[in-house]
Amino acid sequence: MQAFIPTAPHRLDAYRLRRPATSPRNGLQAARAEHSGGSTVDWRSFRARLVQTEQTTTPAGEPSTKEWAHEVPFVEAGCLLIASPEHFVGEHSCSFFANSVVLVLTHHSDKGTVGVILNRPVAAAVSEPRLRGAVSAAPAPLYLGGPVALDSLLALHNDASIPGAGQVVDGVATSGVAEVLSRIERGQMNVDSCRFFCGYSGWSPGQLQEEVDSGVWYTCASCTELVTEKGLHRDDYLTKKLLKLMGGRFTQIGERLDNENPGTGWKFGS
36 MQAFIPTAPH
46 RLDAYRLRRP
56 ATSPRNGLQA
66 ARAEHSGGST
76 VDWRSFRARL
86 VQTEQTTTPA
96 GEPSTKEWAH
106 EVPFVEAGCL
116 LIASPEHFVG
126 EHSCSFFANS
136 VVLVLTHHSD
146 KGTVGVILNR
156 PVAAAVSEPR
166 LRGAVSAAPA
176 PLYLGGPVAL
186 DSLLALHNDA
196 SIPGAGQVVD
206 GVATSGVAEV
216 LSRIERGQMN
226 VDSCRFFCGY
236 SGWSPGQLQE
246 EVDSGVWYTC
256 ASCTELVTEK
266 GLHRDDYLTK
276 KLLKLMGGRF
286 TQIGERLDNE
296 NPGTGWKFGS
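No gaps in the numbering here: position 10 of the sequence shown is 45 in our numbering, and each next residue is one more.
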């Protein structure tokens, strides 16, 4: 099976067919398996605490918000990719990834990168034949994870003990949907702790780093609450929220977005 994978760092809306080493559906399975089988110390939490220590108070001495996000200098599993508002303008403004925030599930220099878009709800696209079954099966809002394997489903939740689940970061795990749906039906899992995605986003080895170096994406780490937030937010809501929390030049970019008229953004099926 072939999959659409973005290839050009300056033209993310331009796709070409590429035959992956494994099928698109197996891409999700590989991503989940990569994190399963043993726990590791999440050093991101320690790093975040160091950053928070420097940003605990505002200049006026008032306590800062409990939500946090900060820039990281490289791509890593568990980080967020924020589509740069400075890049996605003009001919790029209607790109598939415009206004998107992507959670990186796995990242390897020799295997490439797999992630899911966090702010692409597709509740209004239930008329799509390929999604009818997915929408009816998921007891919670369905999100578009990316352009690869749109007929596959992925669950994002907080229970790494589910068989086959893989921990992305502390408090965030991924797995197939079957066991998650079963646990929800049996009352063993809270639906509010789950998000469901159809499809995922994929980059070949080195491709994503090229895009980051070209200014297509900002890379950041954030608190778990921002990753698991389930509001049906579209366009630049999450982008602006993260940018303001990141501080410095990013806050200025977020404030500029506030002063601009929101665009229509990408729509499923466009």
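Virtual Cβ for every residue (Gly too), placed ideally from N, Cα, C.
For residue i, does the count of other Cβ atoms within 10 angstroms reach 16, so buried, or fall short, so exposed?
i, result
"Pro108", "exposed"
"Pro59", "Because the pLDDT of Pro59 is 40, which lies under 50, any placement of that residue in the model is unreliable, and the number read from its coordinates should be weighed accordingly. By the neighbour-count rule (16 or more Cβ atoms within 10 Å), Pro59 is buried."
"Glu295", "exposed"
"Val212", "buried"
"Ala95", "Reliability of the predicted coordinates at Ala95 is poor, the pLDDT of 44 falling under 50, and no value is obtained from them."
"Arg155", "buried"
Go to residue i, then tell me how far its beta strand (DSSP E) extends in each direction, as first and last residue.
i, result
"Gln202", "201 to 204"
"Glu106", "104 to 106"
"Val149", "147 to 152"
Ends of the alpha helix (DSSP H) at residue i?
i, result
"Gly289", "284 to 293"
"Leu116", "Not the alpha helix (DSSP H): Leu116 falls in the beta strand (DSSP E), residues 115 to 118."
"Ser217", "212 to 220"
"Glu260", "259 to 263"
Any Cβ of chain D within less than 7 angstroms of the Cβ of residue i?
i, result
"Cys255", "Chain labels in this structure do not include chain D; a single protein chain is all it has."
Identify which residue in the options has its Cα closest to the Cα of residue i.
i, options, result
"Gly150", "Arg291, Gly222, Tyr178", "Tyr178"
"Gly206", "Ser236, Val262, Pro176", "Val262"
"Cys114", "Leu191, Pro240, His105", "His105"
"Val136", "Gln242, Tyr235, Ser210, Ser249", "Tyr235"
"Leu238", "Glu264, Ile197, Gly147", "It should be pointed out that residue 238 corresponds to Trp in this sequence rather than to Leu. For Trp238, the nearest C-alpha among the options comes from Gly147."
"Leu243", "Ser130, Trp103, Val110", "Val110"
"Thr225", "Glu245, Phe232, Asp194, Cys233", "Strictly speaking, residue 225 in this sequence is Asn, with Thr absent from that position. It is Asp194."
"His142", "Arg155, Ser130, Asn154, Leu116", "Leu116"
"Val247", "Trp103, Lys101, Glu121, Glu102", "Glu121"
If residue i sits next to residue j, beta carbons under 8 angstroms apart, how far is it from one beta carbon to the other, in whole angstroms?
i, j, result
"Arg230", "Leu277", "Going by Cβ atoms, the distance from Arg230 to Leu277 rounds to 17 angstroms, so no, they are not a contact pair."
"Val203", "Leu140", "6 angstroms"
"Ser119", "Tyr253", "6 angstroms"
Open item on the list: Three or more C-beta pairs under 8 angstroms: does that hold for the segment 184 to 198 against the segment 278 to 291?
Closed with: no
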